[in-house]
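Peer 1: Quick one: this structure, given as structure tokens, is what I'll be asking you about.
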Amino acid sequence: MSDDVQQGDDPQDDESQGDTKQRMHVDPYERNWIRISIGFLVFFVIMITIAGLALGIQVPTDEGRVDPNTLDSALPWSEPGLREIVPGEEYEVYIVARRFSFEPREITVPKGAKVTFWATSADVQHGFALEGTNVNMMVIPGQVSKLAATFDVPGEYNFICHEYCGLGHAVMYGTLTVEK
Amino acid sequence: MIEERTTQPTRELNKSEKRFVGYHVIFAVAALSIGIQYGPMQALEHAGLDLYPKLSFLASSYYQGLTLHGVLNALIWTTFFITGFSTLVVIKGLGRALKYPWLNRIGFWMMVVGLLTTAVPILAGKATVLYTFYPPMEASAFFYIGLVLVVVGSWIEGYGMYFTFYAWRKENPGTRSPFLVFAILVNMVMWQIATLGIASEILAIILPSVFGWTSGTDPQLSRTLFWYTGHPLVYFWVLPAYASWYGMLPKQVGGKMFSDSLARLSFWLFLILSVPLGFHHQFADPGVPAAWKFIHALLTFSVAFPSMMTLFTVVASLEYGARKRGGKGLFGWVRALPWSDPSVLWQLLAGILFVFGGIGGIINASYNVNLALHNTAWIPGHFHLTVASAATMTFVAISFWLVPYLTGKPLWKPKLAVIAGWTYFGGMLLFSNAMHVVGLLGAPRRTPLGLAPYIPEEWAGHLWRVGVGGTIMWIGLMLFIVIVFMTAVQRKRLPAGESIEVPIAESLQDPQDTPAWLDRWKPWLIASVVIILLSYGPQLYEQITQVQLTSPGITP
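Next up, the structure:
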């Protein structure tokens with residue numbers, strides 16, 4: 001990089017001719033950097049696409065709506081808790097977030113279980129993040145959130161409210177236990 | 181070398197113009213000086229030292245303090261500083277007075293009224309809703325009205341700048357617009373397009389519910405409108421810093437701007453790409469289809485591109501300046517930069533931190549990777565590298581020449597300003613790294629972790645670093661506030677015949693050689709609207725037609 005990168009195309013041109021210029025001057029170093037930048041970004045896009053399609057790591061999507069004022073009057077939200085779909089293998093859990101607790105607060109599943117988490121809120125916006133997994137979603141009144149995870153390692157996993165929901169927000173959490 | 185054209189206007193700001201810009205800086209620094217008091221309180225709370233009971237006159241709860249910290253630092257300090265700096269750039273860059281100074285004044289005082297209208301309910305504990313104010317959590321109506329006034333005030337100041345530019349354009353047909361003015365105007369236009377989201381969220385959804393005219397809000401639609409504004413807001417903070425790095429910093433290090441045309445191209449890309457990507461803040465939202473999230477992930481990657489171009493051009497300009505100062509070697513030239521100039525130093529350190537901010541931003545935008553960090557402490561760790569480093573440190577750097585320029589007084593204790601820069605930088609490295617790490621371990625954001633019953637032992641060391649880093653950052657910025665305050669109130673004046681220059685870098689290329697399509701607004705504005713309609717139109721249409729106002733307001 002030095003002074004000779006300077007290539008004013010036509011030193012004579014005056015202000016009125018300036019407007020006719022359409023060509024843009026790009027330094028060779030800069031051209032290479034632009035190529036590298038685009039290469040990086042394309043590579044990243046390919047990687048997240050592979051993670052989404054081949055590895056099946058999905059983000060929450062539109063799962064329909066619910067009236068937050070009448071959660072108590074109809075299934076499934078009137079009876080939050082665990083449902084066994086295939087014993088020992090497949091489970092669903094319906095979770096209602098209310099200031100400042102989750103219902104149910106404690107969940108127990110066997111080792112190897114695939115658990116689908118359904119959640120909604122009865123009041124303000126909450127969050128739901130289950131430690132050690134990719135289950136991390138907003139829980140919004142009027143909306144139904146859904147994500148799934150498989151538990152191969154026995155132990156206790158906390159699920160934490162990660163959106164400010166009021167003065168008691170910091171104590172809003174629950175525990176999922178994976179049995180041996 | 182090319183012949184140097186002396187197109188640079190030599191007109192300085194007159195007294196009343198300087199006073200007008202100065203008012204912006206006063207309100208900005210005042211907001212910052214209150215807002216940062218809550219930073220170390222939050223950081224030390226994480227480390228296990230609860231100062232809230234002892235400092236209850238500052239905040240009655242962690243969340244009230246956090247609301248003040250976010251609103252005063254991220255919304256008020258930035259908006260006031262940016263509009264003031266933009267006013268200066270327009271007058272100085274165009275070398276002419278504002279076309280309608282009264283219009284800019286109306287805008288400014290509207291912002292002040294808005295600031296007070298917002299601040300009173302927060303201080304009274306009637307608006308502890310954090311700076312995202314997600315419905316159905318509800319604050320006093322004054323909180324929202326104040327925010328709208330601040331935004332509309334900034335629009336009006338923007339209109340004043342457009343009229344001034346238009347008048348200049350008529351007086352100077354065929355001349356390329358000065359780069360800095362161009363950059364500032366792009367930022368203003370982008371801001372006005374972007375804030376339509378937050379304005380419609382407040383005016384159409386929140387206030388009618390607060391006043392009891394509707395049965396409640398639709399929280400999902402509110403989030404979509406909020407984040408339509410929320411991400412471009414980050415660019416509104418950062419682009420003025422970019423403008424300084426591109427168009428002022430090269431002059432300050434004794435060099436020139438590397439490429440006028442590529443600098444303009446990157447600002448045009450920011451205009452058209454800053455807005456249509458808000459769903460990347462909503463990857464974890466239930467009510468947005470995954471396909472739209474993916475599209476916005478791609479658009480977010482595309483806006484990373486002009487930032488990468490910025491990195492190249494800024495570093496190339498710095499290298500050019502450093503070599504002219506006698507710098508040698510592949511990397512050795514870095515040493516030849518004027519590190520002892522506080523304004524240069526704070527910008528160099530801001531740029532270094534922002535590299536990490538940019539890398540983190542690409543990670544956040546990576547669709548499913550976001551599941552590992554959404555709403556964790558990683559996020560505040562990240563945006564302290566953008567708004568609190570790239571933007572804030574550059575505004576501090578600008579203040580170091582701006583306040584002497586406006587007051588005619590020399591900078592008070594420049595060496596202390598250098599020490600303050602390294603202090604803040606060191607604190608930020610410690611704080612931000614610890615926040616990123618503890619976030620990946622699962623620590624939630626916006627949570628007083630000292631009260632949380634679920635904290636595992638392994639977080640403790642990182643939370644301790646958060647506390648120490650946050651406190652060191654506070655010392656750095658407090659030094660800045662003392663320095664600008666003392667600069668303004670000291671008796672000492674600049675020696676007779678000496679004056680402070682507004683640093684405006686010349687371009688290596690003659691700007692007149694920049695292609696004309698890089699200096700025409702219409703095609704880029706049309707492109708901007710088209711991309712927004714394509715990326716937001718279908719989802720907004722769906723969410724609006726299916727709106728359900730089923731969430732009545734709840735006071736926190």
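Chains A and B, in that order, are what the protein sequence lines are.
Per our numbering, residue 1 is the first one in the first sequence, and the count goes up by one each step.
Per our numbering, residue 181 is the first one in the second sequence, and the count goes up by one each step.
Using N, Cα and C, we set each Cβ at its ideal position, and we do this for glycine too.
According to DSSP, which residues form a beta bridge with Trp118 of chain A?
Peer 2: In the first sequence, residue 118 of chain A corresponds to position 118, counting from 1. A:Tyr94 and A:Lys146.
Peer 1: Kindly provide the ranges of any alpha helix (DSSP H) runs that are 4 or more residues long and lie completely inside the region 416–488 of chain B, ordered along the chain.
Peer 2: Complete alpha helix (DSSP H) runs here, min 4: 429–432 and 440–453.
Peer 1: When DSSP labels each residue in this structure, what does Thr556 of chain B get in the three-state scheme?
Peer 2: Position 376 of the second sequence, counting from 1, holds the residue named residue 556 of chain B. Thr556 of chain B falls in the strand class under three-state DSSP.
Peer 1: Spell out whether any CB of chain A is found under 9 angstroms from the CB atom of Asp230 of chain B.
Peer 2: Here residue 230 of chain B refers to the residue found at position 50 when the second sequence is read from its first residue. It does not; no Cβ of chain A falls within 9 angstroms.
Peer 1: Classify Ala471 of chain B: buried if its beta carbon has 16 or more other beta carbons within 10 angstroms, exposed otherwise.
Peer 2: One-based indexing of the second sequence puts residue 471 of chain B at position 291. Counting Cβ neighbours within 10 Å, Ala471 of chain B comes out exposed, since fewer than 16 surround it.
Peer 1: Which residues, in order along the region 618–647 of chain B, keep a beta-carbon less than 9 angstroms from a beta-carbon of chain A?
Peer 2: Those would be Leu621, Gly622, Ala623, Pro624, Arg625, Arg626, Thr627, Pro628, Leu629, Gly630, Leu631, Ala632, Pro633, Tyr634 and Pro636, in chain order.
Peer 1: Quick check on the DSSP output: the beta strand (DSSP E) that includes His126 of chain A runs from which residue to which?
Peer 2: Start at 1 with the first residue of the first sequence, and residue 126 of chain A comes out as number 126. It spans His126 to Leu130 - the beta strand (DSSP E) in which His126 of chain A sits, taken as one unbroken run.
Peer 1: Which residues, in chain order, does the region 473–492 of chain B contribute to contact with chain A at a C-beta distance below 8 angstroms?
Peer 2: Within the region 473–492 of chain B, the residues whose Cβ lies closer than 8 angstroms to some Cβ of chain A are Lys473, Phe474, Ala477, Leu478, Phe481, Ser482, Ala484, Phe485, Met488, Met489 and Phe492, listed in chain order.
Peer 1: I'd like to confirm the pairing. Which residues does DSSP put opposite Ala113 of chain A in its beta bridges?
Peer 2: Taking the first residue of the first sequence as position 1, residue 113 of chain A is located at position 113. Answer is A:Phe151, bridged to Ala113 of chain A.
Peer 1: Would you list the residues sitting across from Met317 of chain B in a DSSP beta bridge?
Peer 2: Along the second sequence, read from residue 1 onward, the residue named residue 317 of chain B stands at position 137. Met317 of chain B pairs with B:Ile734.
Peer 1: Alpha carbon to alpha carbon, what distance is there between Ile578 of chain B and Phe438 of chain B?
Peer 2: Against the second sequence, residue 438 of chain B aligns to sequence position 258. Against the second sequence, residue 578 of chain B aligns to sequence position 398. In a straight line, the C-alpha of Phe438 of chain B is about 21 angstroms away from that of Ile578 of chain B.
Peer 1: Taking C-beta to C-beta, are Thr694 of chain B and Met24 of chain A nearer than 9 angstroms?
Peer 2: Here residue 694 of chain B corresponds to residue number 514 of the second sequence, with the count starting at 1. Here residue 24 of chain A corresponds to residue number 24 of the first sequence, with the count starting at 1. Taking 9 angstroms as the Cβ cut-off, Thr694 of chain B and Met24 of chain A qualify as a contacting pair.
Peer 1: Are any of the Cβ atoms in chain B nearer than 9 angstroms to that of Pro251 of chain A?
Peer 2: Limits of chain A in this structure are 1 at one end and 180 at the other, which puts residue 251 of chain A out of reach.
Peer 1: According to a CB-to-CB cut-off of less than 7 angstroms, which residues of the region 147–178 of chain A neighbour chain B?
Peer 2: The region 147–178 of chain A vs chain B, Cβ under 7 angstroms: Asn158, Ile160, His162, Glu163, Tyr164, Gly166, Leu167, His169, Ala170, Val171 and Tyr173.
Peer 1: At which residue ranges does the region 241–269 of chain B contain complete beta strand (DSSP E) runs of 3 or more residues, listed in the order of the chain?
Peer 2: The region 241–269 of chain B contains no whole beta strand (DSSP E) run of 3 or more residues.
Peer 1: Please state the DSSP three-state secondary structure of Glu769 of chain B.
Peer 2: No answer is possible for residue 769 of chain B: the residues shown for chain B start at 181 and end at 736.
Peer 1: From the DSSP output, which residues share a beta bridge with Leu82 of chain A?
Peer 2: On the first sequence, position 82 is the one that residue 82 of chain A refers to. Leu82 of chain A pairs with A:Val93.
Peer 1: Given that His554 of chain B touches chain A, what residues does it touch there, using C-beta distances under 7 angstroms?
Peer 2: By one-based count along the second sequence, residue 554 of chain B stands at place 374. By Cβ distance, chain A contributes Asn136.
Peer 1: Going by the beta-carbon positions, is the gap between Asp465 of chain B and Leu729 of chain B smaller than 9 angstroms?
Peer 2: Here residue 465 of chain B refers to the residue found at position 285 of the second sequence. Here residue 729 of chain B refers to the residue found at position 549 of the second sequence. No. Outside cutoff.
Peer 1: Helix, strand or coil, according to DSSP, for Ser687 of chain B in the structure here?
Peer 2: Translated into positions along the second sequence, residue 687 of chain B becomes position 507. Ser687 of chain B falls in the strand class under three-state DSSP.
Peer 1: Going by C-alpha to C-alpha distance, which of B:Phe511, B:Ala676, B:Ser731 and B:Ser497 sits closest to Gln689 of chain B?
Peer 2: Reading the second sequence from its first residue, position 509 is the one you call residue 689 of chain B. Ranking B:Phe511, B:Ala676, B:Ser731 and B:Ser497 by Cα distance to Gln689 of chain B puts B:Ser497 first.
Peer 1: Since Gly410 of chain B and His461 of chain B are thought to touch, with beta carbons under 8 angstroms apart, how far apart are those beta carbons, to the nearest angstrom?
Peer 2: One-based indexing of the second sequence puts residue 410 of chain B at position 230. One-based indexing of the second sequence puts residue 461 of chain B at position 281. That pair is a contact at about 6 angstroms.
Peer 1: Give a yes or no on contact between the region 522–533 of chain B and the region 569–577 of chain B, applying the rule of three or more CB pairs nearer than 8 angstroms.
Peer 2: Touching, yes, given that three or more Cβ pairs across the two stretches are closer than 8 angstroms.
Peer 1: Near His476 of chain B, what residues of its chain come up, given a Cβ to Cβ distance below 6 angstroms and the 5 sequence neighbours on each side ignored?
Peer 2: Counted from its first residue, the second sequence places residue 476 of chain B at position 296. Cβ within range, chain order: Leu457, Phe459 and His460.
Peer 1: Helix, strand or coil, according to DSSP, for Gly174 of chain A in the structure here?
Peer 2: Position 174 of the first sequence, counted from the first residue, corresponds to residue 174 of chain A. Of the three classes helix, strand and coil, the one that applies to Gly174 of chain A here is strand, per DSSP.
Peer 1: Checking contacts by CB at 9 angstroms: is Pro76 of chain A closer than that to chain B?
Peer 2: Counted from its first residue, the first sequence places residue 76 of chain A at position 76. Output row for Pro76 of chain A: interface = no.
Peer 1: Less than 9 angstroms between CB atoms is the rule here; does Phe40 of chain A satisfy it with respect to chain B?
Peer 2: Locating residue 40 of chain A in the first sequence gives position 40, counting from the first residue. Closer than 9 angstroms: yes.
Peer 1: In chain B, which residues lie with their C-beta within 9 angstroms of the C-beta of Asp72 of chain A?
Peer 2: As a first step, residue 72 of chain A must be located in the first sequence, where it is residue number 72. Near Asp72 of chain A there are no residues of chain B at all, since even the closest Cβ is about 14 angstroms away, more than 9 angstroms.
Peer 1: Which whole-angstrom value describes the C-beta separation of Leu82 of chain A and Ile107 of chain A, a residue pair presumed to lie in contact below a C-beta threshold of 8 angstroms?
Peer 2: Position 82 of the first sequence, counting from 1, holds the residue named residue 82 of chain A. Position 107 of the first sequence, counting from 1, holds the residue named residue 107 of chain A. Contact holds; Cβ gap of about 6 angstroms.
Peer 1: Give the residues of chain B in contact with Gly112 of chain A, contact being defined as C-beta atoms less than 8 angstroms apart.
Peer 2: For the purposes of this step, residue 112 of chain A is identified with residue 112 of the first sequence, where counting begins at 1. In chain order: nothing, as chain B lies at least about 22 angstroms away.
Peer 1: Would you give the residue range spanned by the alpha helix (DSSP H) that Val139 of chain A belongs to?
Peer 2: Stepping through the first sequence from its first residue, residue 139 of chain A is reached at position 139. Segment Asn136 to Val139 is the beta strand (DSSP E) holding Val139 of chain A; no alpha helix (DSSP H) there.
Peer 1: Would you list, in chain order, the members of the region 40–66 of chain A that have their beta-carbon closer than 7 angstroms to a beta-carbon of chain B?
Peer 2: The residues in question are Leu41, Phe44, Val45, Ile48, Ala51, Gly52, Ile57, Gln58, Val59, Pro60, Thr61, Asp62, Glu63 and Arg65.
Peer 1: Is the number of C-beta pairs between the region 220–230 of chain B and the region 630–650 of chain B that are closer than 8 angstroms three or more?
Peer 2: Yes: at least three Cβ pairs fall under 8 angstroms.
Peer 1: Would you please verify whether the beta carbon of Val549 of chain B is less than 9 angstroms from any beta carbon of chain A?
Peer 2: Here residue 549 of chain B refers to the residue found at position 369 when the second sequence is read from its first residue. Yes, because at least one Cβ of chain A sits closer than 9 angstroms to the Cβ of Val549 of chain B.
Peer 1: Glu92 of chain A CB to nearest chain B CB: under 9 angstroms?
Peer 2: Locating residue 92 of chain A in the first sequence gives position 92, where the first residue counts as 1. No, its Cβ sits nowhere closer than 9 angstroms to a Cβ of chain B.
Peer 1: Does the Cβ-Cβ distance between Val144 of chain A and Ala122 of chain A come in under 9 angstroms?
Peer 2: One-based indexing of the first sequence puts residue 144 of chain A at position 144. One-based indexing of the first sequence puts residue 122 of chain A at position 122. No.
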